[in-house]
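Report on the following structure.
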Amino acid sequence: MKKLITLSLLAFLAMASFGQQRALYSQYMSNKFGINPGYAGIEDAVPIHMSLRQQWVGIDEAPVNQMITADSYLGLNTAIGGSFFNEVTGPTRKTGLTFGAAYHLYLGAGGRRGKRYNARYRPSKERREVLSFGLSGMLYQQSLGRNQLITEEPDDPALEQGTFNQLLPDINFGIFYQFEESFYMGFSILHLVQTQPYLTESRPVRTYYFNTGVRLQAAPDVVVEPSILIQSISPLWSFGGNLPAYTLPFQVDINTRATFGEVFWAGFSYRHQDAVVGMVGLKQGKLEIGYSYDYTISALRPFSNGSHEIGITLSVGNER
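Counting from 1 along the sequence shown, just add 7 to a position and that's the residue number in the working numbering.
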C-alpha cells in the first residue's frame, strides 16, 4: 500500500511539476551541450562531463539520473558530440544515446565571415564570435518493471512478463551564439519527433530551452557569471488534452556563479516554485568537480529532503 501511494504521488508530481519528461540538472552551466546540441565544439578542449543526480531524497523510488557527454571541434567549421543517459523513476527506466553534429559560422572581427577554420587554428576565444547550428539523433529504451507495480489483479495477464521494453528514436535541434568570452545565448528543442510509446498513452513532451548569460570581471581574480534558463513545453492543445490543466507551461532558473582565481567557484540558483539551489566547485588543471544541493520549496517540501547532484568534467586536449 505504501508503494502504491508513493507511485501515485510521483505520477502526480511528474505531471504537476512542469509535465516533465526530461531529466533535470542544476549544474547545466557546466555542461551546456547537455541541453543544446548546438554547443558542440564551442570549447577548444574536448570536455567529457559526467553527472549524477538523486532527486527528492526521502521519497521512495524518486528519480535518479546519470549522464555522460562529450563533444569536440573537428575542423572546417564542424563539430560532433554525443551522450549516454540513464533516468530511473519508480518502475520506469529511460536509457539511451545521442549523437550529433554542429556547424559553426564565425562572425565579426575575430574571423573572416564564411571562412573555414581547421582544428589547429580558429579565432582565439577572446576574439571569437560564433553562431553554431546543431542537430542530434537520439535512440533510447523505455522500460517498465512489472515487479514494481501494484495492480487490482495480482496475476494480470497484461503484466505477465517481468519487464516491458521499447526502443524509440527522436531528434534534438539547437542554436548557440557566443561573443568572445563575455556573452552567450542558446535555444534548443528536444524531442522533435515525439515517437509514441506503447507503454504509456502520452508522447514524450517536446521541450524548449532558452538560456543566456554574461561573464563579468568583478575583480582581477574574480569572474561573476549571471545567467537565466527558461524551459517550456509544447502548448497543451498540441497533446489533444493529455496533459492536465494545472501543468505549468514554462519554468525559469535564475543563476549566479562566481569563480575565484580559476580554482574555486560557488553559485546560487532559484528555480521558480520548485527549489533554491546552492553549488560549489573546485578546478585543478584539466579536472573540475562540482556539487549542488536543491532545497525544495514546492508542495513536496514535507516529503523531500532536497536533491543532490555531482558533476565532474575532464577537459582533454589543449586549451588555447
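Each residue gets a CB set at the ideal place from its N, CA and C atoms; glycine is no exception. Please read all numbers here as calculations on a predicted model, not as lab measurements.
Query                                                                                                                       : Result
Same chain, Cβ closer than 6 Å to isoleucine 319, five either side skipped, listed in chain order                           : Met57 and Ile296
Cross-strand partners of leucine 142 (DSSP beta bridge)                                                                     : Ala108 and Phe180
Residues that proline 233 bridges to, as DSSP identifies them                                                               : Thr263
Selected residue, minimal CA-CA separation from glutamate 316, among Glu50, Trp63, Pro44 and Ala77                          : Trp63
7 Å CB neighbourhood of serine 311 in its chain, flanking five on each side removed                                         : Trp63, Val64, Gly65, Ile66 and Thr303
Bounding residues of the beta strand (DSSP E) (the contiguous stretch that carries serine 311)                              : That residue, serine 311, is in no beta strand (DSSP E); it is neither H nor E in DSSP.
C-alpha distance - tyrosine 147 paired with asparagine 172, whole-angstrom precision                                        : 10 Å
Rounded C-alpha distance that separates leucine 243 from valine 200                                                         : With a pLDDT of 44 at leucine 243, under the threshold of 50, the predicted position of this residue should be treated as unreliable, and no value is reported.
Rounded straight-line distance, which links the Cα of threonine 202 to that of threonine 254                                : Its pLDDT being 49, under 50, threonine 254 is placed unreliably in this model, and the coordinates cannot settle the point.
Of the listed residues Ala265, Gly88 and Leu175, nearest to aspartate 78 (C-alpha basis)                                    : Gly88
Integer Cβ distance of proline 44 from glycine 107, believed to fall under 8 Å                                              : 5 Å
Glutamate 269 burial status per 10 Å Cβ neighbour count (16 or more: buried)                                                : exposed
Short Cβ contact (9 Å threshold) for glycine 48 with tyrosine 80                                                            : yes
C-beta contact flag for arginine 129 and glutamate 187 at 9 Å                                                               : no
Residues of its chain near valine 137, where Cβ-Cβ distance is below 6 Å and the 5 sequence neighbours each way are ignored : His111, Tyr113 and Gln185
Nearest-angstrom Cα separation, counted from leucine 289 out to phenylalanine 351                                           : Outside the modelled stretch of the chain, which goes from 8 to 327, sits residue 351, for which no answer is possible.
Status (buried if at least 16 other CB within 10 Å, exposed otherwise) for phenylalanine 190                                : exposed
As assigned by DSSP and simplified to three states, the class of glycine 97                                                 : coil
Start and end residues, beta strand (DSSP E) containing isoleucine 196                                                      : 190-197
9 Å Cβ cutoff met for glutamine 149 and threonine 105                                                                       : no
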